[in-house]
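Participant: Residue numbers for the sequence shown follow my numbering, so the first one is 1368 and each next one is one higher.
Pasting in a structure now, in structure tokens, and then I'll have a few things to ask.
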Amino acid sequence: MPPKLYSFNTTVPIPDHAEVLDLPTDGISDSPTTLPKGILPNGGYKTTSLRGLSFSAPYLHDGGVAVRAGSLRVDSDGRFTVVDPSGLGLTGTLSQALTADAASSLRALVDRKLRALVVKANQANPALVRSNLDGTGHDFYVDRQAGFDSRQQTDLINFLLALDEDPGSF
Ligand code: HEM
């Protein structure tokens, strides 16, 4: 069916005669159930922007890639150690109304060993399992196993954090 939404001033619980709006899809996709065309002639997956990553942790569609500030110690050569495992995953962050740290969470996005620890922490929390939030997916890593050293990994994280509304001026 065509997508609809309640007008933005609708109160909750939804009143019986709430205003329902048509969601415009012209130019977005051929039909409400096909992929948006974007820049790809056959349609595709529209990813979230990488601009503003320093403000948008935790990451991925479920926000499961989350690490609290102070959980990692990063040495001057870029190597990191988990110094406080209680800060890993949504269990250590949003579940306790604590924010996820952008740099540490990006580290968990690109480092498979750290990601595995974050996923493990999420999967040990029954409330997160019920909501299907675990931080898996996006298996593109910039770590030792992929041939990058700690300094290169840290450089990438700093680059990602620096992407703002004017990435050309980095
Ligand atoms: C090492 C290279 C890569 C880096 C550093 C990187 C970086 C990122 C980051 C930081 C996000 C999270 C954005 C957010 O949640 O706000 C993301 C999401 C995403 N990226 Fe990448 N990416 C890389 C490679 C790739 C590749 C090769 C593809 C496609 C083949 C890809 C497709 C996606 C998709 C589909 C998402 C959304 C995933 C989701 O929400 O679960 N990425 N990427």
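Idealized CB from N, CA, C, for every residue including glycine.
1) Are the CB atoms of D1451 and S1517 within a distance shorter than 7 angstroms?
2) Exposed or buried, what is L1457 when buried is set at 16 or more other beta-carbons lying within 10 Å of its beta-carbon?
3) Quick check: what's the CA-CA separation for F1447 versus L1372?
4) Work out the CA separation of G1514 and S1462 for me, nearest whole Å.
5) Is it buried or exposed for D1389, if we count other Cβ within 10 angstroms and need 16 for buried?
6) Tell me whether D1501 is buried or exposed, calling it buried when 16 or more other Cβ atoms sit within 10 Å of its Cβ.
7) So is the beta-carbon of S1471 under 6 angstroms away from any non-hydrogen atom of ligand 1?
8) Please check if any C-beta of chain B sits within less than 7 angstroms of the C-beta of V1441.
9) Under 7 angstroms, do A1529 and S1472 count as touching if we go by C-beta distance?
10) Exposed or buried, what is G1535 when buried is set at 16 or more other beta-carbons lying within 10 Å of its beta-carbon?
Facilitator: Taking the coordinates as given:
1) The residue you call residue 1517 lines up with position 150 of the sequence shown. The residue you call residue 1451 lines up with position 84 of the sequence shown. No, Cβ-Cβ distance for S1517 and D1451 is not below 7 angstroms.
2) For the purposes of this step, residue 1457 is identified with residue 90 of the sequence shown, where counting begins at 1. Buried: at least 16 other Cβ atoms inside 10 Å.
3) For the purposes of this step, residue 1447 is identified with residue 80 of the sequence shown, where counting begins at 1. For the purposes of this step, residue 1372 is identified with residue 5 of the sequence shown, where counting begins at 1. Taking the straight line from one Cα to the other gives about 46 angstroms.
4) On the sequence shown, residue 1462 is found 95 positions in, with the first residue counted as 1. On the sequence shown, residue 1514 is found 147 positions in, with the first residue counted as 1. C-alpha separation (whole angstroms): 34 angstroms.
5) Position 22 of the sequence shown, counting from 1, holds the residue named residue 1389. It counts as exposed.
6) Indexing the sequence shown from 1 puts residue 1501 at position 134. Its Cβ being crowded by 16 or more others within 10 Å, D1501 is buried.
7) Taking the first residue of the sequence shown as position 1, residue 1471 is located at position 104. For S1471, the distance from the CB to the nearest heavy atom of ligand 1 is not below 6 angstroms.
8) Included in the structure is just one protein chain, with no chain B present.
9) For this step, residue 1529 is matched to residue 162 along the sequence shown. For this step, residue 1472 is matched to residue 105 along the sequence shown. Between A1529 and S1472, the C-beta gap is not smaller than 7 angstroms, which leaves the two residues out of contact.
10) For the purposes of this step, residue 1535 is taken as the residue at position 168 of the sequence shown. G1535 is exposed by the Cβ-count criterion.
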